[in-house]
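See structure below.
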Amino acid sequence: MKSKIDLSSINYRAILFDATRCIDCRACMVACSVQNNVPNDVTRIWVAGDAVMGEFPDLERATMPYHCMHCHDPACASACPVGAYTKRPDGPVLYDPNVCIGCRYCMNACPFDVPHFEWNRGVDEHAEIIKCDLCTPRVDGGQEPACVATCPTDALLFGDRYELIQIARQRIKDHPDRYIDDIYGETENGGTSYLIISHVPFGHLGLPTDIPNEGVGKLSESIMGATLPFAAAWGTVLTGIAIGSRQLHKRKQNHADEADKVSEAAPANESASVSETADTEEQP
Amino acid sequence: MKIKIRIPDWMLSPWVMGMVILSAMAILISFIRMVVGIGPVSNLNDAYPWGFWISFDIYTGVALGAGAFTMAAVVYIFDLKKFTPLVRPSVLTGFLGYAMVAVALLVDLGRPENIWHMIIYQNHTSFLFEIGICVMTYLTVLLLEFIPVIFEGFRWNGVVHFFHKWLTLPLVILGVVLSTLHQSSLGSLTIIMPAKLHPLWWTPFIPILFFVSAVIVGFGMVIVESQISARALHRGIEINLLKVVASWIPYGSALYLILRFGQLAVEGKLGYLFTSGVYSLLFWIEILLIGIIPLVLFSQKKVRKSPNGLLYGALSVVLGVVLNRFDVSWIALGGRIFDTTGYVPSISEVLVSFGFVAASVLVFRYIALHFPLFVDEEEYQEENTIEQAHPVKAGD
Amino acid sequence: MTKTISRRDFLKLGGIAAGALALGQLIPPEVASAARKSGMLDASDSGYIPTMCEMCVWRCGVLAKVENGRVVKLEGNPEHPHSRGKLCPRGQSGLMNTYDPDRVLTPLIRVGKRGEGLFRQASWDEALDLVAENMLKIKNTYGPEAMVFSSTHNLSQVQFENLLYAYGSPNYGTQRSLCFNAMITAFLLTYGVEEPARNYEDVEFILMVGRNMMEAISTSETGELAHAIDRGAKLVYLDPRFTKTAAKATEWIPIRPGTDAAFLLAMINVITQNELADCEFVKQYVIGCDEIVDEMSGYTPAWAEEITGVPAETIDRIAREYAAAKQNALAHPGWRTSNFINSFQTERAIATLNAMSGNVLTPGGCLSTEVAAEGAGLGMPPQPPYPRVSALRLDGVPWKYPLVPLKLGVFQELRDAILTEDPYQSHGWFISRQNPILSLPDRNKTLEAFGKMDFIATVDIIMNDTAWFSDVVLPESSYLERYDPLLPVGDKAFIRQPVIEPQGEAKSALWIYKQLGDRLGLGDYFQYSDEEDYLNQQLAPLGISLDEVKAQGYADMPESEEEEGDLTFNTTSGKIEVYSETLKNNGFSPWPTWEEPPFPAENEFYLLTGKVAQQTQMGTQNNLLLHKYSDEPRLWMNTKTAAERGLVDGDWVLITSPVGKANSKILVTEAIRPDCVYLTPGYGHLSKGLTTAYGVGPSDSALHVTYTDPISGSQALSQTFVTVEKA
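The listed protein sequences correspond, in order, to chains A, B and C. Going by the numbering used here, the first residue of the first sequence is number 19, and it counts up by one from there. Going by the numbering used here, the first residue of the second sequence is number 163, and it counts up by one from there. Going by the numbering used here, the first residue of the third sequence is number 6, and it counts up by one from there.
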């Protein structure tokens with residue numbers, strides 16, 4: 019099979035989706051399922067969007083194949099306790115099922131709600147997170163991702179992210195009445211490798227519209243980074259308190275003993291005797 | 163120390179029988195889960211990957227085990243030895259609680275066979291990693307803190323002495339550090355989801371809020387556990403100690419209120435207080451249960467001295483913190499794009515969680531009946547009953 | 006048979022499915038060696054083999070990736086004009102067609118009652134002997150005409166027809182009258198060409214009447230249309246439903262069903278009244294250009310508005326825009342045009358519009374009549390002349406339908422004649438690659454017709470409904486497992502070759518037909534020893550070796566000489582016949598004319614049909630991959646209509662037509678006219694041997710009434726009116 023793409027010209031892999039061209043045929047999904055051996059009860063790509071919008075006969079349609087955004091700053095990679103996610107320097111975010119413990123924190127962390135889970139697998143079947151991997155082995159072998167290669171209307175384009183953004187900008191410029199003037203994924207969550215241009219507001223394609231322009235993992239990571247220093251400091255403080263309170267109580271104890279000697283006839287002080295008993299139990 | 167608890171007549175009472183059945187069901191459903199996966203035994207789905215198990219077993223389980231580190235800190239770090247009778251049961255509660263967390267995790271984790279991976283595959287940017295390591299370590303700490311009781315039961319006094327002399331304090335300090343970390347980090351898990359957790363709960367300060375509320379509920383749980391085990395096992399309650407513990411809670415609640423509202427004000431979110439419908443309601447209920455009721459009740463001496471007053475006030479704290487944990491981990495955590503089915507826990511999910519609790523209660527009960535869990539009662543009654551003529555000094 | 010494939014590697018079916026599928030087929034050695042030589046396969050026999058898809062009739066070129074004797078992925082062949090490197094969802098799912106756990110892999114002979122699904126496995130010899138025995142018995146007792154043959158268009162059809170003609174039966178049922186009779190007959194009469202080619206390179210204005218190109222995907226054409234729109238071409242699209250094509254159209258006209266011809270005639274009226282067509286230029290090529298003004302004068306936009314519901318100004322404007330684009334305007338001929346009896350007139354109007362714009366007169370224009378005849382340039386095994394057939398055709402061609410081309414036939418008429426036994430009885434039915442039980446309208450009638458047969462044999466790859474009701478099922482190998490005759494497309498002849506050895510005992514149609522032919526004493530008509538021999542004979546005139554073709558996937562055809570000079574058309578006059586003497590001579594209107602369609606009663610709906618991108622007619626519903634990504638088949642109903650009837654989305658309803666009933670869930674949607682409902686075709690399978698498809702969705706063929714256009718023989722699928730009530 020002749021090589022279809024020139025990998026040397028692609029610094030940072032990305033896909034551009036043009037919603038004006040999508041006909042919701044789902045060839046991309048079938049191709050993905052076959053290429054990646056996806057079991058029949060789960061899927062890596064799915065149809066998102068409002069489909070039919072409006073009132074008869076003023077109608078419009080909007081759908082997109084929804085899958086992993088391959089963020090610059092993937093929340094999944096930040097959140098996964100065992101580091102099952104890796105962000106490759108050339109773009110794709112990869113998932114290693116062998117490391118995964120199935121905690122599903124990534125599903126919560128991902129601002130795009132991408133990772134799906136194989137709920138119906140027993141322990142011997144090794145449940146996995148299901149997620150697009152930008153067809154990385156296939157691309158490494160010189161072919162476009164399966165979805166891009168098969169799209170009959172060329173709604174999907176694969177290439178270098180910078181180039182694709184230029185292409186997207188040009189399309190918007192050439193047909194300003196056709197597109198929303200925005201490229202989704204250019205800055206969302208700090209930038210993603212799945213870029214979308216559209217004829218309808220992105221919310222109608224099923225995309226979340228409240229994603230900040232900085233990776234959601236950054237704040238979490240900076241607070242997490244303070245953990246060890248904090249723990250050390252806190253431990254020191256607690257040790258200090260422990261030593262201090264013992265000193266304090268010992269001094270109190272000495273005072274009390276002396277007071278005892280003075281007032282022998284008086285009934286024993288409750289707390290003193292209790293602590294005395296306790297002291298002889300606890301202290302060396 | 164001698165065992166001096168009146169063993170109830172009914173060995174297999176309806177309560178105990180009920181708990182045995184519940185535990186058995188939990189084990190059965192867990193086994194089924196291992197064979198067919200999580201999907202068939204729960205209503206979890208891709209839009210709701212976490213649900214009842216996480217909220218109840220993990221978040222609540224960890225929070226309600228806070229009594230162990232708070233009481234251990236009181237006794238061993240702040241050197242307030244008179245509270246010692248409260249330490250053992252709370253450490254056992256803590257241990258059983260965390261053990262239950264670990265067992266529940268085996269059911270909830272998608273790949274329980276890989277549960278040990280956190281030890282060798284470590285992602286240091288992940289709060290969940292931190293929680294995992296802390297909980298694993300803390301479980302060991304709790305075990306080591308508690309095991310002297312077992313040894314005492316077997317009368318291995320030399321070993322007991324060794325533990326008390328060399329290990330207890332370092333273990334307690336380590337336990338407090340670990341607890342501080344993971345109690346707060348359970349809240350910090352949500353920092354990475356600003357768009358999903360409702361603004362009334364999402365904040366970078368959530369670790370502080372979680373820690374403060376953990377301390378409060380720790381004390382609350384000590385009171386509750388003491389009350390319940392007293393009634394169930396027909397033993398006296400250490401009312402003089404408990405009333406002091408109760409007296410600390412208002413300070414915690416006040417601090418919590420200041421921090422919570424202060425955080426909302428600083429972040430400009432006061433507008434959500436009354437305009438978020440059911441979420442506002444939940445928020446205010448939390449405030450009521452964690453902040454206001456305990457503050458009002460436990461500022462009053464007579465409430466602190468009454469067994470019922472203690473119980474109700476403490477229950478308010480516990481319920482409030484449980485609600486808070488549920489809100490943070492489930493109810494206020496929305497914003498899923500592909501929610502088509504919603505999520506209501508299935509019966510099997512609830513049975514598993516309740517069954518695990520029942521199992522821990524059974525273990526607790528067994529240990530209480532056969533090991534020196536509670537300090538010698540006669541000694542106790544003598545020194546600490548409510549009829550005591552000499553009042554204990556404030557601040558003890 | 007496994008129900009769901011949920012295991013990690015769903016392709017590793019061997020060992021899991023009831024022993025029917027063998028592990029790791031090898032690539033046939035001849036194919037492998039050719040591919041290895043050309044470098045397509047590596048040392049471990051992994052790589053790509055070129056072949057052709059068969060998930061629909063577009064037949065995209067495919068590069069099948071094989072690893073360890075299994076097909077693991079299909080890619081579009083960039084060198085095939087129909088795929089250009091792409092595959093539609095059905096093409097991509099082709100693996101599951103081959104690895105479907107419900108494949109029939111041994112010959113089966115019925116043991117229970119018809120329709121019980123009880124068969125026993127048999128050897129090929131036994132099964133073929135039984136089929137031949139019965140066919141001979143029928144021939145000798147009742148005459149060859151008592152045997153009905155039917156098959157849908159496929160690459161081995163030439164040999165199926167060979168069998169048919171050699172046997173001597175005139176009774177040949179194909180899907181054509183259920184599909185495109187209206188279009189083909191109209192264009193044959195008008196241009197002398199069955200189906201003109203469409204060229205989107207320079208198109209500026211496209212008028213489509215139906216032809217839901219974005220769902221009834223023809224991979225390359227769908228892509229070309231999409232690119233044309235992207236480039237700025239305007240698409241005006243007539244359809245009572247807001248289909249996915251409507252969503253891409255510049256203008257969607259939600260026209261009343263059955264009234265397309267009125268719209269088009271009004272367009273012609275506007276163009277001719279206002280002299281917008283370059284009639285002087287077209288006059289020399291078109292018969293009727295002078296008189297057409299008068300003839301169309303009555304079809305004003307105002308008149309059309311009354312009928313179609315489309316505002317007159319809109320019709321007027323669109324006509325002018327169409328005309329303004331001159332030869333860069335394209336009125337799409339359509340494909341499945343079996344909607345209303347007046348669909349023939351609709352097609353005639355479309356042909357006229359194209360003539361008016363001159364696009365068909367421009368070499369390389371949007372519409373082209375320069376289509377290479379299928380099979381031209383390729384060789385054929387020799388055969389003796391066929392026996393004369395004296396019996397009348399049961400489908401009424403040409404004695405009842407004088408203008409229906411012989412090779413199109415009227416399949417539904419054939420079925421009806423089986424029932425009426427007029428003019429004679431039928432006793433046997435041989436079916437190959439077809440599912441008449443679901444494809445013919447009025448399923449109950451078809452089942453009844455089956456009941457009249459003494460003997461039914463079916464060739465199929467899976468236990469589809471027709472196979473389920475047959476006496477003998479002969480397992481054909483899937484398209485990834487067999488050779489078929491070469492298919493010329495453009496300037497190349499493409500090969501279909503086995504990517505893996507057939508599973509079980511499945512065999513290619515070429516082999517089956519020859520085996521049957523031999524046993525029927527017709528061996529002389531099948532002068533090829535095996536598939537490769539057949540292909541070699543096809544290649545003989547080209548002087549290319551089969552190995553070469555196997556390696557690259559095609560053979561270059563010699564260029565046909567371009568004829569210089571004036572354009573001619575294959576009509577009797579040699580010109581475009583907008584006015585058709587032929588039609589007149591047969592008692593029909595010589596002009597495109599308005600025939601009023603029936604209208605539904607107050608409480609009735611038009612029952613619409615139409616393709617979806619994830620299925621092909623009634624053959625793919627069992628494919629697990631397609632099932633995974635298909636929408637649940639439901640009855641579409643307009644939101645307002647549903648509200649008026651107190652129905653909500655998801656309710657179960659009973660659909661009743663004059664000939665049948667069906668239950669369905671409803672889909673409440675804005676995307677359909679309030680007076681219409683729609684069912685996805687091809688569901689409601691009766692065969693329990695289709696474990697994925699059985700029980701899914703309602704059957705539209707159970708509801709369709711049989712209506713036949715007397716001119717083209719076309720079935721009118723949308724003329725069925727139904728009532729819908731809550732179930």
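Beta carbons: idealized from backbone N, C-alpha and C, even for Gly.
Item: Touch test, the region 518-526 of chain C against the region 494-509 of chain C, Cβ-Cβ under 8 Å, three pairs minimum; Value: no
Item: Own chain, CB closer than 7 Å to residue 16 of chain A, minus 5 neighbours either side, in chain order; Value: The requested residue 16 of chain A does not occur in the structure, where chain A is confined to residues 19 to 302.
Item: Per-residue contacts from residue 141 of chain A into chain B (C-beta, under 7 Å); Value: 196, 274 and 275
Item: Every unbroken alpha helix (DSSP H) inside the region 630-692 of chain C [4 residues or more]; Value: 644-649
Item: Coil, strand or helix - residue 427 of chain B by DSSP; Value: helix
Item: Contact test: residue 537 of chain C Cβ vs the ligand HEM heavy atom, cutoff 6 Å; Value: The ligand HEM is absent from the structure shown, which contains no ligands of any kind.
Item: Residue-level contact to chain B via CB, residue 267 of chain A, 7 Å cutoff; Value: yes
Item: Stretch-stretch touch, CB-based, cutoff 8 Å, three pairs: the region 225-238 of chain C with the region 350-365 of chain C; Value: no
Item: Cβ-based burial, residue 629 of chain C [other Cβ within 10 Å; buried from 16]; Value: buried
Item: Assigned exposure category for residue 42 of chain A - 16 Cβ within 10 Å defines buried; Value: buried
Item: Partners in chain A for residue 255 of chain B, counting only beta-carbon separations shorter than 8 Å; Value: Here the premise fails: no neighbours, minimum Cβ distance about 21 Å.
Item: Alpha-carbon spacing of residue 416 of chain C relative to residue 434 of chain C, whole angstroms; Value: 13 Å
Item: Reduced DSSP category for residue 560 of chain C - H, G, I as helix; E, B as strand; rest coil; Value: strand
Item: The region 464-481 of chain B touching the region 397-417 of chain B, judged by at least three CB pairs closer than 8 Å; Value: yes
Item: Distance between residue 464 of chain B and residue 231 of chain A (C-alpha atoms, nearest Å); Value: 55 Å
Item: Proximal residues to residue 391 of chain B (C-beta, below 6 Å), its chain only, five neighbours per side dropped; Value: none
Item: Whole-angstrom distance between residue 204 of chain A and residue 81 of chain A, CA atom to CA atom; Value: 20 Å
Item: Contact list for the region 322-343 of chain B against chain E, Cβ threshold 7 Å; Value: Checking the listed chains, one finds no chain E in this structure; the protein chains it contains are A, B and C.
Item: C-beta neighbour in chain A for residue 696 of chain C, strict 7 Å; Value: no
Item: Cα-Cα separation between residue 717 of chain C and residue 186 of chain A, rounded to whole angstroms; Value: 49 Å
Item: Endpoints, alpha helix (DSSP H) assigned at residue 179 of chain B; Value: 176-198
Item: CB contact check: residue 219 of chain B to chain A, cutoff 7 Å; Value: no
Item: Alpha-carbon spacing of residue 222 of chain B relative to residue 44 of chain A, whole angstroms; Value: 43 Å
Item: Runs of beta strand (DSSP E) wholly within the region 216-264 of chain C (minimum 3 residues, chain order); Value: 239-243 and 256-258
Item: Within-7 Å CB hit, residue 112 of chain A to chain C; Value: no
Item: Partner residues on chain B for residue 93 of chain A, Cβ-Cβ distance less than 7 Å; Value: 354
Item: Cβ contact (3+ pairs, closer than 8 Å) linking the region 116-123 of chain C and the region 430-448 of chain C; Value: no
Item: Beta-bridge partners of residue 465 of chain C, as assigned by DSSP; Value: C:480
Item: As assigned by DSSP and simplified to three states, the class of residue 444 of chain B; Value: helix
Item: Local conformation of residue 328 of chain B per DSSP, three classes; Value: helix
Item: Nearest residue (CA-CA) to residue 268 of chain B, options A:260, A:125, A:227 and A:120; Value: A:120
Item: Straight-line gap, residue 181 of chain C to residue 157 of chain C (C-alpha atoms, nearest Å); Value: 8 Å
Item: Closest Cα partner of residue 444 of chain C within the set C:54, C:224 and C:155; Value: C:155
Item: Beta-carbon proximity check, residue 712 of chain C vs residue 442 of chain C, cutoff 7 Å; Value: no
Item: Beta-carbon proximity list for residue 306 of chain C, same chain, < 6 Å, skipping 5 on both sides; Value: 271, 317, 320 and 321
Item: Helix, strand or coil at residue 528 of chain B [DSSP, three-state]; Value: helix
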